[in-house]
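In order, the protein sequence lines correspond to chains A and B. For the first sequence, this note's numbering assigns the number 1 to the initial residue and increments by one for each residue that follows. For the second sequence, this note's numbering assigns the number 403 to the initial residue and increments by one for each residue that follows. What follows is a single structure, written as structure tokens, with notes after it.
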Amino acid sequence: MSSVAAPRGRRRSPLHDGRFFQPRRPAFWLYVTVMLITGLVLVGEQSLIRRISPAGWALSWALLLLYALPVFALVYVLDLHEREPISLVLGALLWGAIAATTLSGFANDGWGLVVARLGGPEFAARWTAALTAPLVEETLKGLGVVLICLIATEEIDDMMDGFVYGAVCGLGFAVVEDVFYFMGVFGGSPAGVLQGFFVRVVASGLYSHVLYTGLVGMGIGYFMSRRERQPLSRRVTVVAGLSAAAVLGHFLWNSPLLDLFPDSPLTGAEWAMIPVATAAKGLPLLVFAGLAVILSRRRERRWLRVALASEVGSAGVSAGELAVLEVPRRRRAAVRDMRRRAGGRAAGLLRRLQREQVNLAMVRSKVDDHDPALLEQRAYCGSLRDALRAIPGAAPAETGDR
Amino acid sequence: MTEVQGSPPAITAPPTRPDLAPGGGRPSRGGWATLVVLGVIVSIVLGGYVTAAALSEPSGSAVDVAGIVRVRPLSGWEVAGRGSLAGRPFVHLTRGSGNLVVVAFGGLREDVLSVARGYVDLLSGGLSQLSVSRPRRVRLGSGSAGVRFGYVGVVAEAGTSIEGEVTVTVTPAGDGVVFDGWAPAGVLSFVRSDIGSMIEGAEVSGA
Numbered sequence: 001m002s003s004v005a006a007p008r009g010r011r012r013s014p015l016h017d018g019r020f021f022q023p024r025r026p027a028f029w030l031y032v033t034v035m036l037i038t039g040l041v042l043v044g045e046q047s048l049i050r051r052i053s054p055a056g057w058a059l060s061w062a063l064l065l066l067y068a069l070p071v072f073a074l075v076y077v078l079d080l081h082e083r084e085p086i087s088l089v090l091g092a093l094l095w096g097a098i099a100a101t102t103l104s105g106f107a108n109d110g111w112g113l114v115v116a117r118l119g120g121p122e123f124a125a126r127w128t129a130a131l132t133a134p135l136v137e138e139t140l141k142g143l144g145v146v147l148i149c150l151i152a153t154e155e156i157d158d159m160m161d162g163f164v165y166g167a168v169c170g171l172g173f174a175v176v177e178d179v180f181y182f183m184g185v186f187g188g189s190p191a192g193v194l195q196g197f198f199v200r201v202v203a204s205g206l207y208s209h210v211l212y213t214g215l216v217g218m219g220i221g222y223f224m225s226r227r228e229r230q231p232l233s234r235r236v237t238v239v240a241g242l243s244a245a246a247v248l249g250h251f252l253w254n255s256p257l258l259d260l261f262p263d264s265p266l267t268g269a270e271w272a273m274i275p276v277a278t279a280a281k282g283l284p285l286l287v288f289a290g291l292a293v294i295l296s297r298r299r300e301r302r303w304l305r306v307a308l309a310s311e312v313g314s315a316g317v318s319a320g321e322l323a324v325l326e327v328p329r330r331r332r333a334a335v336r337d338m339r340r341r342a343g344g345r346a347a348g349l350l351r352r353l354q355r356e357q358v359n360l361a362m363v364r365s366k367v368d369d370h371d372p373a374l375l376e377q378r379a380y381c382g383s384l385r386d387a388l389r390a391i392p393g394a395a396p397a398e399t400g401d402r
Numbered sequence: 403m404t405e406v407q408g409s410p411p412a413i414t415a416p417p418t419r420p421d422l423a424p425g426g427g428r429p430s431r432g433g434w435a436t437l438v439v440l441g442v443i444v445s446i447v448l449g450g451y452v453t454a455a456a457l458s459e460p461s462g463s464a465v466d467v468a469g470i471v472r473v474r475p476l477s478g479w480e481v482a483g484r485g486s487l488a489g490r491p492f493v494h495l496t497r498g499s500g501n502l503v504v505v506a507f508g509g510l511r512e513d514v515l516s517v518a519r520g521y522v523d524l525l526s527g528g529l530s531q532l533s534v535s536r537p538r539r540v541r542l543g544s545g546s547a548g549v550r551f552g553y554v555g556v557v558a559e560a561g562t563s564i565e566g567e568v569t570v571t572v573t574p575a576g577d578g579v580v581f582d583g584w585a586p587a588g589v590l591s592f593v594r595s596d597i598g599s600m601i602e603g604a605e606v607s608g609a
């Protein structure tokens with residue numbers, strides 16, 4: 001009979017300061033101050049538009065939550081090796097929903113005046129949304145990701161971390177902006193809200209702020225995580241390039257270019273044109289972002305292999321475990337297999353061992369061979385493996401090391 | 403019996419990072435970077451208004467309407483015409499499809515709301531499907547009190563939808579002014595700031 005007194009709760013790498021509440025960081029206080037001010041404004045605005053049509057307003061939020069929850073989950077699990085601390089991810093989401101939307105509202109109006117002054121009213125009516133919103137909104141959302149990075153500096157380990165924070169920030173922005181659109185542009189009645197949901201979420205949801213800010217976040221992730229490995233000029237080039245791609249995609253979306261949208265009011269078959277029209281504007285950036293995410297995930301996988309190569313054979317990780325660890329599909333299969341053979345407790349322990357081996361890679365990549373943290377992390381992985389092997393039924397293929 | 407240690411390995415201090423010099427100074431808390439973020443937020447949010455204000459300087463000389471009101475067009479605005487509307491003198495300023503019609507009324511005995519109602523009657527003569535908002539009290543830059551209301555309608559002969567905002571003021575001396583800023587539907591928001599600035603800067607005699 002084995003006795004396993006496994007530690008409770010999730011353990012994070014000692015190299016990480018992945019909490020949102022960090023009052024010693026100036027960025028934390030800037031975040032809180034901006035959120036308080038803009039939060040008051042947003043509450044006032046929401047209260048105002050709720051009065052237009054309480055039913056439409058409630059339906060707007062219900063529909064958008066239906067959209068936002070799975071998107072949030074999808075973005076959250078995209079990061080292969082290390083799930084970001086939920087407090088920081090929620091911080092990014094709320095910045096996008098509250099601070100970025102409110103500040104963008106003011107800023108877009110101001111820069112719209114400049115466009116109108118310089119270009120005249122007709123030009124402004126056609127181009128203001130394209131010339132102001134992409135720069136203003138991507139900057140303000142991106143600054144939210146920067147603040148999260150400044151609050152928990154060491155939490156950004158790679159581009160995918162930046163993508164996660166950026167994408168959820170964009171998701172928060174999209175949800176609140178859509179509520180305004182449903183109520184202000186589509187009339188706010190339940191029927192209008194449903195039309196708005198079709199146009200802005202069903203037909204356009206793949207191409208929106210989640211994508212733009214995800215790209216900006218990837219750039220920020222690259223900039224923050226490569227401080228020791230890449231020269232400043234290269235990091236600036238990458239963050240500027242990815243941000244420019246996001247701004248360009250947003251510009252194309254808002255501009256009169258490639259406009260295949262049928263004129264209102266829409267009838268019968270014209271509704272079917274909406275997804276075509278949105279795809280014409282949004283698909284190129286979606287493909288670009290998809291490629292960027294795939295490349296970034298491959299890079300993560302390479303990084304894991306390289307970081308753990310010198311650990312193979314130690315107490316930390318075996319060759320077989322590493323082969324499983326670097327492919328998420330294999331990891332999940334190993335956990336499923338373990339649950340079938342030895343039960344949920346063993347499966348949970350295996351999942352935990354895998355997580356700690358990823359942490360071992362992080363520690364390994366940042367400290368020298370004899371650092372106490374590395375030795376302890378190695379031993380910790382070894383003790384988890386021992387505990388796993390002691391569970392009846394787990395031993396034969398407990399770690400995927402066949 | 404195998405037992406996992408009850409808690410993760412105790413790490414009393416974060417490990418030394420190879421990129422940090424031994425005995426290096428206190429790690430940065432990002433104070434300067436936070437200041438830069440604050441600076442960028444302020445610049446983005448307020449920069450448009452500051453720039454627009456700098457670009458919205460009056461240009462040229464003031465335009466006088468019947469000695470009752472003087473309006474200084476902003477840069478880009480020009481006088482499109484003068485004439486009379488129901489016997490009242492007016493001047494028409496334009497910038498692209500943005501318009502500001504300034505009508506002067508002398509020797510009035512009505513109050514400001516009556517003048518406003520009279521102007522709505524004038525509008526209804528030229529616009530079909532006219533819809534007018536409830537007037538609200540305003541105070542102009544000249545110090546005179548007035549009312550303001552919005553309207554939408556369709557220009558009868560052209561079939562073009564327009565939207566406008568009318569500001570009416572009457573001085574104690576019985577002089578009145580109607581400022582009617584209008585533009586095709588969807589465009590008014592892009593000239594409203596200019597129109598507002600010109601109304602604020604207008605000099606109304608006896609105000």
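Glycine included, every Cβ here is placed at the ideal spot set by N, Cα and C. As the structure is a computational prediction, the values presented were derived from the model and not from experiment.
Can you give me the Cβ contacts of Gly142(A) inside the same chain, cut-off strictly under 6 Å, excluding the 5 residues immediately before and after it?
Here residue 142(A) is taken as the residue at index 142 of the first sequence, counted from 1. Excluding residues within five positions, the ones whose Cβ falls inside 6 Å are Val216.
Report yes if the CB atom of Val144(A) is closer than 8 Å to the CB atom of Ala100(A), and no otherwise.
In the first sequence, the residue the question calls residue 144(A) occupies position 144. In the first sequence, the residue the question calls residue 100(A) occupies position 100. Before going on, a small fix: residue 144(A) reads as Gly here, not Val. Yes, the pair counts as a contact, with Cβ atoms nearer than the cut-off.
Identify every run of the alpha helix (DSSP H) within the region 204-278 of chain A, keeping only runs that are complete inside it and at least 4 residues long; order them along the chain.
209-225 and 232-254
Is the shortest distance between the beta-carbon of Leu93(A) and the beta-carbons of chain B less than 8 Å?
The residue you call residue 93(A) lines up with position 93 of the first sequence. Chain B, which has no Cβ nearer than 8 Å to the Cβ of Leu93(A), makes this no.
Just how far apart, CA to CA, sit Arg678(B) and Ala506(B)?
Residue 678(B) cannot be examined here, being either before or after the span of chain B that is shown, 403 to 609.
So, does the CB of Ala334(A) fall closer than 8 Å to a CB anywhere in chain B?
Translated into the one-based positions of the first sequence, residue 334(A) becomes position 334. No, its Cβ sits nowhere closer than 8 Å to a Cβ of chain B.
Can you look up Glu567(B) in the DSSP assignment and give me helix, strand or coil?
Taking the first residue of the second sequence as position 1, residue 567(B) is located at position 165. Correct three-state label for Glu567(B): strand.
Cβ-heavy atom distance between Gly205(A) and the ligand ZN below 7 Å?
Among the components of this structure there are no ligands whatsoever, and the ligand ZN is therefore not found.
Compute the distance between the beta-carbons of Arg24(A) and Arg431(B), then report whether it is under 8 Å.
Counting from 1 along the first sequence, the entry for residue 24(A) is found at position 24. Counting from 1 along the second sequence, the entry for residue 431(B) is found at position 29. Result yes, Cβ atoms of Arg24(A) and Arg431(B) sit closer than 8 Å.
Can Gly172(A) and Phe182(A) be called in contact, C-beta distance under 8 Å?
Within the first sequence, numbered from 1, the residue matching residue 172(A) stands at position 172. Within the first sequence, numbered from 1, the residue matching residue 182(A) stands at position 182. Cβ atoms of Gly172(A) and Phe182(A): not closer than 8 Å.
Shorter than 8 Å from the beta carbon of Gly478(B) to some beta carbon of chain A?
Numbered from 1 along the second sequence, position 76 holds the residue referred to as residue 478(B). Judged by the 8 Å Cβ criterion, Gly478(B) is in contact with chain A.
So is Glu300(A) in contact with chain B if we call contact Cβ pairs under 8 Å?
Residue mapping note: residue 300(A) aligns to position 300 of the first sequence, counting from 1. So no, Glu300(A) is outside the interface.
Per DSSP, the bridge partner or partners of Trp584(B)
To locate residue 584(B), count along the second sequence from 1; it is residue 182. Bridge partners of Trp584(B): Asn501(B) and Gly566(B).
Using a Cβ-Cβ distance under 8 Å, would Ala585(B) count as near chain A?
Your numbering for residue 585(B) matches position 183 in the second sequence. Yes, contact with chain A.
Against Leu457(B), what residues of chain A qualify as contacts under a CB-to-CB distance less than 8 Å, listed in chain order?
Within the second sequence, numbered from 1, the residue matching residue 457(B) stands at position 55. Per Cβ cutoff of 8 Å: Val114, Arg117 and Leu118.
Counting along the chain, where does the alpha helix (DSSP H) carrying Ala346(A) start and finish?
The sequence position of residue 346(A) within the first sequence is 346, counting from 1. Counting along the chain, the alpha helix (DSSP H) containing Ala346(A) begins and ends at Gly344 to Lys366.
Using the Cα positions of Ala125(A) and Gly588(B), report the straight-line distance between them to the nearest angstrom.
Position 125 of the first sequence, counted from the start, is the residue given in the question as residue 125(A). Position 186 of the second sequence, counted from the start, is the residue given in the question as residue 588(B). Rounded to whole angstroms, the gap between the alpha carbons of Ala125(A) and Gly588(B) is 7 Å.
For the region 441-453 of chain B, which residues have a beta carbon sitting closer than 9 Å to at least one beta carbon of chain A?
Val442, Ile443, Ile446, Val447, Leu448, Gly449, Gly450, Tyr451, Val452 and Thr453
Distance, Leu487(B) Cα to Asn108(A) Cα:
Taking the first residue of the first sequence as position 1, residue 108(A) is located at position 108. Taking the first residue of the second sequence as position 1, residue 487(B) is located at position 85. Whole-angstrom Cα-Cα distance: 38 Å.
Measure the C-alpha to C-alpha separation of Ala455(B) and Leu283(A) and round it to an integer number of angstroms.
As a position in the second sequence, residue 455(B) is number 53, starting the count at 1. As a position in the first sequence, residue 283(A) is number 283, starting the count at 1. If I take the Cα positions, the gap works out to 39 Å.
Separation of Thr267(A) from Ala440(A), as counted between CA atoms:
Residue 440(A) lies beyond the range of chain A shown here (1 to 402); nothing can be said about it.
Quick one: what's Gly555(B) bridged to in DSSP?
Numbered from 1 along the second sequence, position 153 holds the residue referred to as residue 555(B). DSSP output for Gly555(B) lists Ile564(B) as bridge partner(s).
is_contact[Gly221(A), chain B] using C-beta, thresh 8 Å
As a working mapping, residue 221(A) is identified with position 221 in the first sequence. False, the Cβ-Cβ gap to chain B never drops below 8 Å.
By Cβ distance below 6 Å, which residues in the same chain neighbour Thr128(A) in space, the five residues on each side in sequence not counted?
Position 128 of the first sequence, counted from the start, is the residue given in the question as residue 128(A). Counting only Cβ-Cβ distances below 6 Å, and skipping sequence neighbours, we find Gly112 and Val115.
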